[in-house]
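Mind the numbering: the sequence shown is residues 8 to 350 in the numbering used here, read in order.
For each residue, glycine too, the CB sits at the ideal point set by N, CA and C.
See below for the structure under consideration.
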Amino acid sequence: MSQKSDILYVGVDLGTSHSAISASNGEHHVIESYVGWPVDMVARKVIKKPVMIGREALDNRSMLDLRRPLEKGVVKEGSEKDASAVHELLRHLVGLAKGKSGADGKRKVHAVVGVPAGALRASKHMLREVLKGTVDGLMIVSEPFAVAYGLEELLHSMIIDIGAGTSDFCVMNGRYPTDEDQRSVTTAGDTIDEQLAKLVKEKHPDAQFSIHMIREWKEKWSFVGEPKQRAMVTVPVNGKPTSLDITNEVRTACEQLLPPISETMLDLLSRVDPEYQERVRNSIILAGGGSRIVGLGQHLQEALGQVGHGKVRIVDDPVFAGSNGGLALALDAVDADWEQLTV
Ligand SMILES: Nc1ncnc2c1ncn2[C@@H]1O[C@H](COP(=O)(O)OP(=O)(O)OP(=O)(O)O)[C@@H](O)[C@H]1O
Ligand SMILES: [Mg+2]
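Shown next, in the form of structure tokens:
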């Protein structure tokens, strides 16, 4: 049996758009969930690396077979390339956590990996396979549960984690959540991007933009409700840089999230033991990149007005809330909690 001090504990938030790691040696890293391999021998010569990961991969995408291997929180079905992309992503994250010093290089790694609630079953088998050889002990948990654990919001609370591929909901009852306590819907950040691209294209058919530009605009200007400022962007129109007002398009695209998120929240609440509903209503926590949409928390709080009073708050650190929670779980776990991964 290993001594606790021989082991590097890590919490990993494996996300569709970003993946984060928090480690027991104090390392914290976040990368964009992209992996790319050079497309041909010319690209190989220019790039001088067998594989590129994260922002670097995105920036060199013209030379790469670029993968965003997770879709709706799970590895895309039936693609070996995507499975090896997840492997590269996790190996890279664990490498970052081990640091350059080399002191942690030889330590065993025990990882708690958070995945979207709805994808838990589908992901488990695949993750076990791709993690063999990279980590020695593994625990796979639902992402919103990891967030709840990290915040110590384990009793009578609800976490709503709005990511890129999925929005995940979890009610905490002071024990490990069951399927009934969790929901996952596929309306999330990517849905806003697709809708925003469509709306901008309709209004400005000659504007030239990519989905990456759309995402940047959204992240800068996202809001729901009455606009407090105009969302202005500069785009080439027939090759000429032109300033466009996309306020209404941003609003419509972001507001698309409201019905599915408030309905799922209210539905899950209605299934909570009636004695505890009020306490859960007053402890609703928004996490994930989507929690940064201006006005979203307030809107959901107003939606709670339909069933009485409620309170919605937003996590302080949406980037690391999941991986920090995973690390907290890893540090509290006992030997029996770990699944051993031997090659
Ligand atoms: N300020 C912002 N306003 C609106 N959306 C934002 C903002 N910042 C980030 N996002 C969006 O949040 C999403 C990323 O959030 P997060 O990193 O939590 O997702 P993920 O964990 O990668 O995805 P998932 O949990 O679905 O696998 C992206 O769609 C991103 O564009
Ligand atoms: Mg996530």
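- A Cβ-Cβ contact shorter than 8 angstroms links leucine 162 with glycine 181.
- The alpha-carbon separation between leucine 251 and glutamine 263 amounts to approximately 22 angstroms.
- Rounded to whole angstroms, the gap between the alpha carbons of glutamine 347 and valine 19 is 17 angstroms.
- By DSSP's assignment, glycine 43 forms a beta bridge with Met59 and Leu73.
- Of the candidates Met133, Gly315 and Gly295, the residue whose Cα lies closest to the Cα of leucine 276 is Gly315.
- Arginine 258 counts as buried, since at least 16 other C-beta atoms from the protein chains shown sit within 10 angstroms of its C-beta.
- In the displayed model, arginine 182 falls within coil according to three-state DSSP, outside both helix and strand.
- Selection Ala104, Gly33 and Thr254 evaluated against lysine 235 yields Thr254 as nearest (Cα-Cα).
- In the DSSP assignment, valine 341 falls outside any beta strand (DSSP E) and carries neither an H nor an E.
- Contact check for glutamine 215 against valine 240 fails: the beta carbons are separated by 8 angstroms or more.
- A buried status is given to glycine 333, since no fewer than 16 other beta-carbon atoms sit within 10 Å of its beta-carbon.
- Take the alpha-carbon of arginine 190 and the one of cysteine 177: they are about 7 angstroms apart.
- In the DSSP assignment, leucine 293 falls within the beta strand (DSSP E) that extends over 291-294.
- In the DSSP assignment, alanine 118 is bridged to Val17 and Leu145.
- The beta carbon of arginine 299 sits closer than 7 angstroms to at least one heavy atom of ligand 1.
- It is roughly 40 angstroms from the alpha-carbon of leucine 336 to the alpha-carbon of methionine 70.
- A Cβ-Cβ separation of about 25 angstroms leaves isoleucine 167 out of contact with leucine 100 under the 8 angstroms criterion.
- Just so you know, the alpha carbons of arginine 222 and aspartate 197 end up roughly 8 angstroms apart.
- In this structure, lysine 210 lies near glutamate 256, with their beta-carbon atoms less than 8 angstroms apart.
- The residue from Gly232, Arg278 and Asn245 with its alpha-carbon nearest to that of proline 212 is Asn245.
- For lysine 247, the enclosing beta strand (DSSP E) covers residues 247-252.
- For aspartate 200, the enclosing alpha helix (DSSP H) has its first and last residue at 196-210.
- Contact annotation, serine 229 with isoleucine 300: C-beta distance approximately 4 angstroms; criterion of less than 8 angstroms satisfied.
- For arginine 190, the secondary structure class from DSSP, reduced to helix, strand or coil, is strand.
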